Amino acid sequence: MSQNNPPKDQQTSSHKKTISLPISRVRLIMKSSPDVSSINQDALFLTTKATELFVQHLARSSFLNGSGRETNSLSYSDLASTAEETETFHFLTDILPKKILARDYLKSLEEMQEEDADF
Amino acid sequence: MAERPEDLNLPNAVITRIIKEALPDGVNVSKEARRAISQAASVFVLYATSCANNFAMKAKRKTLNAGDVLAAMEEMEFERFLEPLREALEVYKKGQKGKKEVSEQRRRDKEEKKAGSERDKSREEEEEEEDEEEDERMEEEAEAENEAAAADEDEEVDN
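As given, the protein sequences belong to chains V and R, one line each in that order.
Numbering-wise (UniProt numbering), the first sequence opens with residue 1 and increments by one.
Numbering-wise (UniProt numbering), the second sequence opens with residue 1 and increments by one.
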């Protein structure tokens, strides 16, 4: 893993390379979109770089917003709350649903039914 | 095309490293959180692609370009990425240009060397000169072709 790499190596690689995610994989994901016919090299590079910035931004915002600062950790629920509370991350709510206990879900279901009955 | 569903995932080791670099030292990131961020990144790529593609379509272009991606970032309200993206693109373009210049220079050096050795030889073996020149011309042509092909690959990726 990356921890085993000498720090010197990491430094030189970050100097030489401006991106660390594989462009080929990003291209494959982009191409999986049915209406995309072709992508030029600069657009490919920019999307790859943007994805890296996005990962950093999502991790950082979730860590700062969540409860993680006391426990020095980043958990799934921190991410789910960020997706729900931050407008720019709203598009993630489908894949980052908030986890709730079945007990609570049943309770809210009951409440909803009661509300319906009122009308 | 993607053959398997996992082809649409980004490599976990790289994602983990980017997360670690973004957070203060010693923060523990749960496995579930890492997987979620990785999936979020794939969704981000698709979302950005679809936005960028809308811009390209509006302009009646078939190929997504850098401007489309930057416009997509603005549309997605990730304006904070614009500056770093522009900077990175500039560095990237310089790098690409640098690569080409280096290979050009190397080719020129080689030619000079060849020309030099040819002159030496021509003094000794005047009879064989014609044949050699022919060979060399063919070699150069092949080289130029390869370079042109490589340059094309750099320029645009589509199929």
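By construction, the Cβ of each residue, glycine as well, lies at the ideal position given by its N, Cα and C atoms.
Just so it is clear, the structure is predicted and the values come from calculations on it, not from any experiment.
request  = Under 7 angstroms between beta-carbons, which chain R residues line up against V/L92? List them in chain order, please.
outcome  = A40 and V43
inquiry  = Could you check whether the Cβ of V/S81 sits closer than 9 angstroms to any Cβ belonging to chain R?
reply    = no
query = Does the segment 24-35 of chain R touch the segment 43-58 of chain R, meaning 3 or more C-beta pairs lie closer than 8 angstroms?
reply = no
task = Output, in sequence order along the chain, the residues in the segment 27-39 of chain R whose CB is closer than 7 angstroms to any CB in chain V.
result = V27, N28, V29, S30, E32, A33, A36, I37 and Q39
ask   = Using a Cβ-Cβ distance under 9 angstroms, would R/K93 count as near chain V?
value = yes
message = Checking the sheet assignment: what are the DSSP bridge partners for V/I19?
response = Answer is none; V/I19 lacks a bridge partner.
query = Quick one: which chain B residues come within Cβ less than 8 angstroms of R/N53?
reply = Note that chain B does not occur in the displayed structure, where the protein chains are V and R.
key: chain R within 9 angstroms of V/I19, Cβ atoms only   = yes
key: Runs of alpha helix (DSSP H) lying entirely within the segment 31-100 of chain R, each at least 4 residues, in chain order   = 31-58 and 66-75
key: Residue(s) in a DSSP beta bridge with R/V29   = V/L74
ask   = Among R/R35, R/G116 and R/K114, which residue has its Cα nearest to the Cα of V/L74?
value = R/R35
key: Closest Cα partner of V/P34 within the set R/S50, R/R107, R/F44 and R/L23   = R/S50
inquiry  = Against chain V, with Cβ distances strictly below 9 angstroms, would R/E75 count as a contact?
reply    = no
ask   = Which residues mark the beginning and the end of the alpha helix (DSSP H) in which V/S67 is found?
value = Segment: none, V/S67 is in no alpha helix (DSSP H) and carries neither H nor E.
message = According to DSSP, simplified to helix, strand and coil, what is V/S24?
response = helix
ask   = Going along chain R in order, which residues have a C-beta closer than 8 angstroms to the C-beta of V/S67?
value = What V/S67 touches in chain R: nothing, since even the nearest Cβ is about 13 angstroms away.
key: Integer-rounded CB distance, given that R/L10 should sit under 8 angstroms from V/F63   = Not confirmed; about 20 angstroms, so no contact.
key: Within-9 angstroms CB hit, V/D78 to chain R   = yes
query = Can you list, in chain order, the residues of its chain whose CB lies under 7 angstroms from that of R/T16, leaving out five sequence neighbours each side?
reply = R34
message = Using 8 angstroms for Cβ pairs, my map puts V/T47 next to R/V45. What's the rounded Cβ distance?
response = 6 angstroms
task = My understanding is that R/I18 touches V/V55, with C-beta atoms under 8 angstroms, so please give their C-beta distance in whole angstroms.
result = 5 angstroms
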